[in-house]
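J.: Residue numbers for the sequence shown follow the numbering used here, so the first one is 343 and each next one is one higher.
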Amino acid sequence: MTALKGTLPWDWYSGTIPDNAIIDETAYVETTYSFNLYRSHAPVGLQIGKGSSIYLGTMFDVGTYGRVSLGNYSLMNSVRIICDEEIKIGDYALISWNVVLMDTYRVPFNPVERRKELVRIPKRKLRNIDAKHSARPIHIGANVWIGFDACVLPGVTIGEGSIIGARSVVTTDVAPYTIAAGNPARVIRHLEA
Ligand SMILES: CC(C)(COP(=O)(O)OP(=O)(O)OC[C@H]1O[C@@H](n2cnc3c(N)ncnc32)[C@H](O)[C@@H]1OP(=O)(O)O)[C@@H](O)C(=O)NCCC(=O)NCCS
343 MTALKGTLPW
353 DWYSGTIPDN
363 AIIDETAYVE
373 TTYSFNLYRS
383 HAPVGLQIGK
393 GSSIYLGTMF
403 DVGTYGRVSL
413 GNYSLMNSVR
423 IICDEEIKIG
433 DYALISWNVV
443 LMDTYRVPFN
453 PVERRKELVR
463 IPKRKLRNID
473 AKHSARPIHI
483 GANVWIGFDA
493 CVLPGVTIGE
503 GSIIGARSVV
513 TTDVAPYTIA
523 AGNPARVIRH
533 LEA
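1. Compute every distance between the C-beta of A345 and the non-hydrogen atoms of ligand 1, then say whether any falls below 7 angstroms.
2. Applying the 10 Å Cβ sphere with the 16-neighbour rule, what's the burial state of G507?
3. Taking 7 angstroms as the cut-off, is the C-beta of F377 nearer than that to any heavy atom in ligand 1?
4. Enumerate in chain order the residues of its own chain whose CB-to-CB distance from T358 is below 7 angstroms, with the five nearest sequence positions on each side excluded.
5. Is it buried or exposed, D403, if we count other Cβ atoms within 10 angstroms and call 16 or more buried?
6. Give every residue of the same chain whose Cβ lies closer than 8 angstroms to the Cβ of P385, excluding the five residues on either side of it in the sequence, and list them in chain order.
7. What are the boundary residues of the beta strand (DSSP E) that includes V410?
8. Classify V454 as buried or exposed, calling it buried when 16 or more other Cβ atoms lie within 10 Å of its own Cβ.
9. Quick one: does the C-beta of R509 sit closer than 7 angstroms to a heavy atom of ligand 1?
10. Could you name the residues of the same chain whose beta carbon sits closer than 7 angstroms to that of T499, not counting the 5 residues immediately before and after it, in chain order?
11. Mind checking whether the beta-carbon of A435 lies closer than 7 angstroms to any heavy atom of ligand 1?
12. Return helix, strand or coil for R457, following the three-state DSSP convention.
13. Can you give the Cα-Cα distance for R531 and V449, rounded to whole angstroms?
14. Report, in whole angstroms, the separation of the C-beta atoms of A435 and S416, which I expect to be a contact under 8 angstroms.
15. Using the beta-carbon count (16 or more within 10 Å), is I424 buried or exposed?
16. Return yes when at least one heavy atom of ligand 1 lies under 7 angstroms from the C-beta of A523, else no.
17. Would you list, in sequence order, the uninterrupted beta strand (DSSP E) runs of no fewer than 3 residues that lie entirely inside the region 494-533?
18. When you compare the CB positions of A523 and E502, do they come within less than 8 angstroms of one another, or not?
19. Does ligand 1 have even one heavy atom less than 7 angstroms from the beta-carbon of S394?
20. I'd like to confirm something about G489: is its beta-carbon nearer than 7 angstroms to some heavy atom of ligand 1, or not?
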């Protein structure tokens, strides 16, 4: 496989593709601005398969140890990926605008610790909080469709062929070929495989 490297000829932003990203040459990345929050040091921090598309507004907020992978012929439009461990998306996945996939909360639950963290942030070079210790991987199967404004929380697996309704908050696993929606997302009905 030949991978996209360096700058993108059509890009309005003067960024580059991260060195540890493997993006198939047949994939479309609208702009390298999508990597502005990317800081993974994993051997392969991002993998994008053939024919997949990453449209404007998609942000890969990937921490030091984070690993994101997207299969073949999948599409993300203005999606926020927040990853400190692993977010794996299968082939033919359709992820709509303003969807948030977060495998980590990053922020301490304890209010005193949270306050300390907020005081520390402005003094840092990178104004981000990586929190691998609290991260739990997200797995999204092939042929999954996630409606706009939905949020998928840490540790969730969405099975192959499932649909997540617009504005849903997915807190628990969704079985394959299931439509789930709402906050928290509940099963609406099952689909034929
Ligand atoms: C999930 C979805 C596909 C289901 O469509 P549907 O099968 O036609 O569902 P229905 O309209 O028959 O609704 C079935 C039930 O689920 C509920 N429901 C449907 N979508 C919901 C949502 N997003 N959030 C909460 N509840 C939802 C309905 O209120 C209804 O509840 P009821 O049985 O108590 O009356 C659709 O509602 C949806 O959210 N589509 C997202 C489209 C999108 O994001 N497009 C972006 C472009 S890619």
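Glycine is no exception: its CB is placed at the ideal position from the N, C-alpha and C atoms.
T.: According to the structure shown:
1. As a first step, residue 345 must be located in the sequence shown, where it is residue number 3. It does not: the Cβ of A345 is nowhere closer than 7 angstroms to a heavy atom of ligand 1.
2. The residue you call residue 507 lines up with position 165 of the sequence shown. When all chains shown are included, G507 counts as buried.
3. Along the sequence shown, read from residue 1 onward, the residue named residue 377 stands at position 35. Because no heavy atom of ligand 1 lies under 7 angstroms away, the Cβ of F377 does not count as near it: no.
4. Taking the first residue of the sequence shown as position 1, residue 358 is located at position 16. These residues qualify, in order along the chain: G348, T349 and T374.
5. Against the sequence shown, residue 403 aligns to sequence position 61. With 16 or more other Cβ atoms within 10 Å, it is buried.
6. The residue you call residue 385 lines up with position 43 of the sequence shown. Counting only Cβ-Cβ distances below 8 angstroms, and skipping sequence neighbours, we find N362.
7. On the sequence shown, position 68 is the one that residue 410 refers to. Here the beta strand (DSSP E) through V410 covers R409 to L412.
8. Within the sequence shown, numbered from 1, the residue matching residue 454 stands at position 112. It counts as exposed.
9. In the sequence shown, residue 509 corresponds to position 167, counting from 1. With a cutoff of 7 angstroms, R509 counts as near ligand 1, since its C-beta is closer than that to a heavy atom of the ligand.
10. Here residue 499 refers to the residue found at position 157 of the sequence shown. For T499, where only same-chain residues beyond five positions count, the Cβ hits under 7 angstroms are H481 and D515.
11. As a working mapping, residue 435 is identified with position 93 in the sequence shown. No, Cβ of A435 sits at least 7 angstroms from all heavy atoms of ligand 1.
12. Against the sequence shown, residue 457 aligns to sequence position 115. In the structure shown, the three-state DSSP call for R457 is helix.
13. Against the sequence shown, residue 531 aligns to sequence position 189. Against the sequence shown, residue 449 aligns to sequence position 107. Answer to the nearest angstrom: the Cα atoms are 35 angstroms apart.
14. Position 93 of the sequence shown, counting from 1, holds the residue named residue 435. Position 74 of the sequence shown, counting from 1, holds the residue named residue 416. That pair is a contact at about 4 angstroms.
15. Position 82 of the sequence shown, counted from the first residue, corresponds to residue 424. When all chains shown are included, I424 counts as buried.
16. Within the sequence shown, residue 523 is the residue found at index 181, counting from 1. Correct: A523 has its Cβ closer than 7 angstroms to ligand 1.
17. 520-523 and 528-532
18. Here residue 523 refers to the residue found at position 181 when the sequence shown is read from its first residue. Here residue 502 refers to the residue found at position 160 when the sequence shown is read from its first residue. Cβ distance not < 8 angstroms, so A523 and E502 don't count as in contact.
19. Counted from its first residue, the sequence shown places residue 394 at position 52. Checking every heavy atom of ligand 1 against the Cβ of S394, none is found closer than 7 angstroms.
20. As a position in the sequence shown, residue 489 is number 147, starting the count at 1. For G489, the Cβ falls inside the 7 angstroms cut-off from some heavy atom of ligand 1.
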